[in-house]
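Report on the structure given below.
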Amino acid sequence: MKDKRILYVSSEVVPYLPETEISSASFEAPRLVNQQGGQIRIFMPRYGNINERRHQLHEVIRLSGINLVVNDLDMPLIIKVASIPKERIQVYFIDNDEYFKRKATLTDEDGKLFSDNDERAIFFAKGVIETVKKLNWAPDIIHVHGWLASLLPLYLKEYYKDEPLFNESKIVTSIYNQSFEDTLNKDMINKIKFDNIEDDAIKTLEEPSYNNLMKVAIDYSDALIVGSENIPDDLDSYLNASDKPILEFKSKDEFGEAYTTFFNETVLS
Numbered sequence: 001m002k003d004k005r006i007l008y009v010s011s012e013v014v015p016y017l018p019e020t021e022i023s024s025a026s027f028e029a030p031r032l033v034n035q036q037g038g039q040i041r042i043f044m045p046r047y048g049n050i051n052e053r054r055h056q057l058h059e060v061i062r063l064s065g066i067n068l069v070v071n072d073l074d075m076p077l078i079i080k081v082a083s084i085p086k087e088r089i090q091v092y093f094i095d096n097d098e099y100f101k102r103k104a105t106l107t108d109e110d111g112k113l114f115s116d117n118d119e120r121a122i123f124f125a126k127g128v129i130e131t132v133k134k135l136n137w138a139p140d141i142i143h144v145h146g147w148l149a150s151l152l153p154l155y156l157k158e159y160y161k162d163e164p165l166f167n168e169s170k171i172v173t174s175i176y177n178q179s180f181e182d183t184l185n186k187d188m189i190n191k192i193k194f195d196n197i198e199d200d201a202i203k204t205l206e207e208p209s210y211n212n213l214m215k216v217a218i219d220y221s222d223a224l225i226v227g228s229e230n231i232p233d234d235l236d237s238y239l240n241a242s243d244k245p246i247l248e249f250k251s252k253d254e255f256g257e258a259y260t261t262f263f264n265e266t267v268l269s
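If you're matching positions, the sequence shown starts at 1 in full-length UniProt numbering and goes up one per residue.
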């Protein structure tokens with residue numbers, strides 16, 4: 001992976017949030033590429049329960065200050081950055097007071113999904129892309145982890161389809177078993193349509209369930225990785241019918257070599 005540029009976009013990353021399958025993979029995968037001489041950038045939301053002082057987050061003024069439109073509302077984009085100790089890896093945080101100031105990640109204290117998670121996902125996708133544009137950093141691969149990041153493939157290939165910086169970028173999405181019950185806000189599809197994204201591209205999101213969000217991510221990805229030993233049968237069938245390159249689930253022991261080979265020989269070939 002030497003000199004390859006990999007952009008990691010994740011809903012959660014260790015050490016900023018507790019260890020889960022997604023947060024661990026979103027740390028281990030970039031660390032592997034970094035050790036192999038690749039260039040990496042990691043993006044995640046700046047949830048209000050991330051301790052900014054302990055992790056030494058600071059705002060990047062030159063990247064902050066633009067407004068993103070979500071459902072006809074102007075939402076200020078704030079970019080913060082921190083370094084993972086001992087790894088020389090920088091993590092960029094997408095922040096906004098309305099969406100990410102609350103002291104929680106995706107659910108309230110009763111475990112109920114926040115009603116604006118749909119808008120948070122739209123804001124996160126747009127925020128990542130706009131920031132990478134400002135950095136003028138063209139990634140070879142964009143690797144997506146977690147359902148809050150799952151709109152990024154759609155937005156990149158529809159809303160930002162004329163953005164030359166990403167012309168050569170390949171999108172890889174990891175599919176996990178880390179999901180949610182019920183659905184996001186039922187008006188989500190109309191909020192995405194507001195961005196002039198065609199009905200046919202998102203008709204699956206008439207019911208914005210976890211599986212359907214991931215199906216849209218699969219549709220707009222160039223390759224896929226099975227990140228959990230078991231994923232929902234519905235998604236497994238959809239993956240296999242997609243006719244796209246798939247890296248099947250690998251244990252931690254097998255992960256490194258399989259991942260590197262998949263990127264070099266399949267995704268970038």
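The beta-carbon is built from N, C-alpha and C at its ideal position, and this holds for glycine as well.
Computed from a prediction, not measured in an experiment: that's the story for all the values here.
Beta-carbon contacts of residue i that lie in its chain and below 7 Å, excluding the five residues immediately before and after
{"i": "THR183", "result": "GLU207, PRO208 and SER209"}
{"i": "PHE123", "result": "LEU68, VAL70, MET75, ASN96 and TYR99"}
{"i": "TYR238", "result": "LYS215 and ILE218"}
{"i": "HIS58", "result": "LYS80 and VAL81"}
C-alpha distance - residue i paired with residue j, whole-angstrom precision
{"i": "HIS145", "j": "LYS191", "result": "22 Å"}
{"i": "LEU151", "j": "LYS157", "result": "10 Å"}
{"i": "PHE263", "j": "VAL132", "result": "21 Å"}
{"i": "THR204", "j": "LYS86", "result": "43 Å"}
{"i": "TRP137", "j": "LEU63", "result": "13 Å"}
{"i": "LYS2", "j": "LYS126", "result": "28 Å"}
{"i": "GLN56", "j": "ALA82", "result": "6 Å"}
{"i": "ASP200", "j": "LEU154", "result": "12 Å"}
{"i": "ASN185", "j": "VAL128", "result": "22 Å"}
{"i": "ILE175", "j": "ILE78", "result": "28 Å"}
{"i": "GLU265", "j": "ASN167", "result": "20 Å"}
{"i": "ALA217", "j": "LEU32", "result": "24 Å"}
{"i": "ASN51", "j": "PRO30", "result": "22 Å"}
{"i": "GLY256", "j": "ASN211", "result": "27 Å"}
{"i": "VAL60", "j": "ASP233", "result": "42 Å"}
{"i": "SER115", "j": "GLU181", "result": "13 Å"}
Local Cβ density within 10 Å of residue i, reported as buried at 16 or more and exposed below that
{"i": "SER96", "result": "Per the sequence shown, the amino acid found at residue 96 is Asn instead of Ser. Flag for ASN96 reads buried."}
{"i": "ARG41", "result": "buried"}
{"i": "GLY37", "result": "exposed"}
{"i": "GLY111", "result": "exposed"}
{"i": "GLY65", "result": "exposed"}
{"i": "HIS143", "result": "buried"}
{"i": "ALA241", "result": "exposed"}
{"i": "PHE43", "result": "buried"}
{"i": "residue 299", "result": "Residue 299 falls outside the range modelled here, since the chain spans only 1 to 269, and no answer is possible."}
Cβ distance (whole Å) where residue i is taken to contact residue j below 8 Å
{"i": "PHE93", "j": "LYS80", "result": "4 Å"}
{"i": "SER23", "j": "VAL14", "result": "5 Å"}
{"i": "ARG5", "j": "GLN39", "result": "5 Å"}
{"i": "TRP147", "j": "LEU213", "result": "5 Å"}
Other residues of its chain near residue i: CB distance less than 6 Å, five sequence neighbours each side excluded
{"i": "PHE27", "result": "VAL13 and VAL14"}
Beta-carbon proximity list for residue i, same chain, < 8 Å, skipping 5 on both sides
{"i": "ALA258", "result": "LEU247 and LYS250"}
{"i": "TYR160", "result": "ILE129 and PHE166"}
{"i": "PRO139", "result": "ARG5, ILE6, LEU7, ARG41, VAL132, PHE166 and SER169"}
CB contact check: residue i to chain D, cutoff 7 Å
{"i": "LYS161", "result": "This model lacks chain D altogether; it includes just one protein chain."}
Check whether the segment 207-225 touches the segment 161-181, counting contact only when three or more Cβ pairs, one atom from each stretch, lie closer than 8 Å. yes
Flag this pair as touching only if the segment 60-73 and the segment 115-133 have three or more C-beta atom pairs under 8 Å; answer yes or no. yes
Inter-stretch contact at 8 Å, needing at least 3 Cβ pairs: the segment 33-47 / the segment 96-113: yes
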